[in-house]
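Novice:
In our numbering, the protein residues as written are 474 to 929.
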């Protein structure tokens with residue numbers, strides 16, 4: 474019997490913590506299945522109140538809503554707690570459930586439970602997972618599969634489960650936060666893009682962050698299929714003893730794997746055959762070659778042909794906020810990489826730049842020193858514009874090695890960058906920080922960047 478059916482038949486209430494999009498989707502799915510729900514959110518901002526009001530407008534006696542706090546005793550008496558990914562394990566609402574022995578499940582796990590029989594490719598890693606997930610969706614559509622990309626990419630799996638008909642396939646992006654509470658994953662193929670320090674403002678140490686990533690493999694068996702990055706030592710160590718079939722991709726010069734990049738021929742290679750000339754992949758940077766190889770390798774393992782994969786790769790375009798060229802203005806290329814919320818992601822963006830550039834760096838600090846960017850910055854960056862809460866740290870870490878110019882609000886950041894950028898150069902928004910000091914999220918930050926550039 475499925476969890477949903479067991480909860481419905483027991484008549485016991487299930488708690489949902491968080492009323493953003495994933496929490497709201499979980500509430501609607503549970504109520505559609507006839508499960509009594511207590512849904513709450515510690516916040517009481519306008520968006521939370523609006524979400525609660527929309528749920529209340531269609532509610533029945535089986536739904537209780539609360540904003541501005543959680544009834545911990547009620548949570549402790551629930552059959553389960555469904556968790557939005559933004560709520561950490563240390564939150565009192567989670568601790569109350571754990572102390573009472575109440576199962577804690579990510580909304581993503583709830584959605585997958587309600588999609589039985591739908592095969593999925595699961596993607597995690599520190600960087601590139603959203604692009605790989607979008608590539609999977611594009612490539613499967615090229616192959617005639619009815620597919621939906623969901624999870625951390627933005628569409629809650631619980632929302633997919635409520636839509637009819639269900640898709641034939643899923644491309645599922647899973648963050649470490651979601652993986653923490655997804656105990657029953659069984660993907661047709663699992664992809665680990667790479668590993669690097671991140672979210673050290675939430676995790677006590679790097680090992681804890683990596684441990685959540687490793688939950689992707691918790692139910693691995695000899696029938697499992699895994700795709701990983703041959704160029705990343707931490708990824709190789711993580712998957713070394715995982716049961717199943719292992720496939721690897723690489724972009725290192727002179728190295729071959731199940732999928733690789735032939736630098737001399739400028740050709741993406743897959744399973745011993747040419748897949749696509751580099752010029753036909755309209756994405757910046759070697760990291761996007763790696764992303765394309767990862768997606769192609771995973772789907773080749775599910776039966777898609779080289780020809781189908783090549784067709785899908787040709788049609789794919791840069792995703793918003795991920796090394797997205799916005800506009801060439803007065804001889805300066807403006808590039809939106811707002812999704813770069815950690816040092817490793819910004820390092821990849823810098824390595825992709827072929828012009829002298831001004832880097833917009835800052836936001837809310839996430840625990841890593843900015844000095845680790847110096848190898849890419851020295852000799853290549855015209856200047857760094859430091860902004861947000863992290864601005865003084867950026868200046869302290871980099872100021873004695875490269876030109877660092879502090880700026881205040883985002884209008885000043887953009888005006889400063891425009892004044893500094895040389896003809897034939899670029900301005901790169903790749904902040905290496907979260908956005909929450911100045912913006913609602915990285916999308917808001919990237920959209921603000923794009924709006925200013927397009928208005929000039």
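Note that beta-carbon positions come from the ideal geometry of N, C-alpha and C, so glycine has one too.
In the DSSP assignment, what are the bridge partners of residue 542?
Specialist: Looking at the DSSP assignment, residue 542 forms a beta bridge with 514.
Novice: What would DSSP say about residue 821, mapped onto helix, strand or coil?
Specialist: Correct three-state label for residue 821: helix.
Novice: Is residue 884 near the ligand GTP, with its Cβ less than 7 Å from a heavy atom?
Specialist: Because no ligand of any kind appears in the structure shown, any question about the ligand GTP cannot be addressed here.
Novice: Can you check which of these residues, 908, 829, 627, is closest to residue 860 by C-alpha distance?
Specialist: Comparing Cα positions, the closest option is 908.
Novice: What span of residues does the beta strand (DSSP E) with residue 733 cover, start to end?
Specialist: Its beta strand (DSSP E) spans residues 732 to 735.
Novice: In terms of DSSP beta bridges, what is residue 929 paired with?
Specialist: Paired residues: none, contrary to the question.
Novice: Within its chain, find whatever has a CB closer than 6 Å to the CB of residue 897; leave out the 5 residues flanking it on each side and keep chain order.
Specialist: Once the five neighbours on either side are set aside, the close Cβ partners of residue 897 are 804.
Novice: Less than 8 Å between the C-beta atoms of residue 625 and residue 609, yes or no?
Specialist: No, these two residues do not count as a Cβ contact at 8 Å.
Novice: Assign residue 769 to one of three DSSP states: helix, strand, or coil.
Specialist: Helix at residue 769.
Novice: Which residue marks the beginning of the beta strand (DSSP E) containing residue 909, and which one marks its end?
Specialist: Premise fails: residue 909 is in no beta strand (DSSP E) and is neither H nor E.
Novice: Looking only at C-alpha atoms, which of 546, 785, 570, 497 sits nearest to residue 522?
Specialist: When only C-alpha atoms are compared, the closest one is 497.
Novice: State yes or no: is the C-beta of residue 641 within less than 8 Å of the C-beta of residue 662?
Specialist: Contact flag unset, no.
Novice: For residue 786 versus residue 749, is the C-beta spacing smaller than 8 Å?
Specialist: Yes, the Cβ-Cβ distance between residue 786 and residue 749 is below 8 Å.
Novice: Taking the C-alpha atoms as reference points, what is the distance between residue 801 and residue 917?
Specialist: For residue 801 and residue 917, the distance between alpha carbons rounds to 21 Å.
Novice: Could you give the uninterrupted runs of the beta strand (DSSP E) lying entirely in the segment 603 to 664, keeping only those of 3 residues or more?
Specialist: Listed in chain order, they are 620 to 624, 642 to 646.
Novice: With DSSP run on the structure shown, which of helix, strand or coil describes residue 584?
Specialist: Residue state, collapsed to three classes: helix.
Novice: Who are the Cβ neighbours of residue 603 in its own chain at under 8 Å, not counting the five residues just before and after it?
Specialist: Around residue 603: 625, 626, 646, 792, 795, 812.
Novice: For residue 539, which residues from the same chain have a beta carbon less than 6 Å from its beta carbon, with the 5 sequence-adjacent residues on both sides left out?
Specialist: Contacts found: 513.
Novice: For residue 601, which option in 702, 567, 499 has the closest C-alpha, if you only look at C-alpha atoms?
Specialist: When only C-alpha atoms are compared, the closest one is 702.
Novice: Do you know offhand how far residue 691's Cα is from residue 708's?
Specialist: Answer to the nearest angstrom: the Cα atoms are 15 Å apart.
Novice: When the distance is taken between beta carbons, is residue 555 closer than 8 Å to residue 585?
Specialist: No, these two residues do not count as a Cβ contact at 8 Å.
Novice: Which residues in the same chain have their Cβ closer than 6 Å to the Cβ of residue 772, if we skip the five residues on either side of it in sequence?
Specialist: So the list reads 612, once near-sequence residues are dropped.
Novice: Would you list the one or two residues that DSSP bridges to residue 742?
Specialist: Partner(s): 733, 747.
Novice: Name the DSSP bridge partner or partners of residue 899?
Specialist: DSSP lists 806, 830 as partners of residue 899.
Novice: Per the DSSP calculation, residue 531 is bridged to which residue(s)?
Specialist: Paired residues: none, contrary to the question.
Novice: Using the rule of at least 16 other Cβ atoms within 10 Å of the residue's Cβ for burial, across every protein chain shown, is residue 531 buried or exposed?
Specialist: Classification of residue 531: exposed, given that the 10 Å Cβ count is below 16.
Novice: Among 550, 494, 544, whose alpha-carbon lies nearest the alpha-carbon of residue 527?
Specialist: Closest by alpha carbon: 494.
Novice: Taking residue 761 as the reference, which of 711, 825, 712, 653 has the closest Cα?
Specialist: Among 711, 825, 712, 653, the Cα nearest to that of residue 761 belongs to 825.
Novice: Under the three-state reduction of DSSP, which class applies to residue 579: helix, strand or coil?
Specialist: Reduced to three states, the DSSP call for residue 579 is strand.
Novice: In whole angstroms, what is the alpha-carbon distance linking residue 674 and residue 768?
Specialist: In a straight line, the C-alpha of residue 674 is about 30 Å away from that of residue 768.
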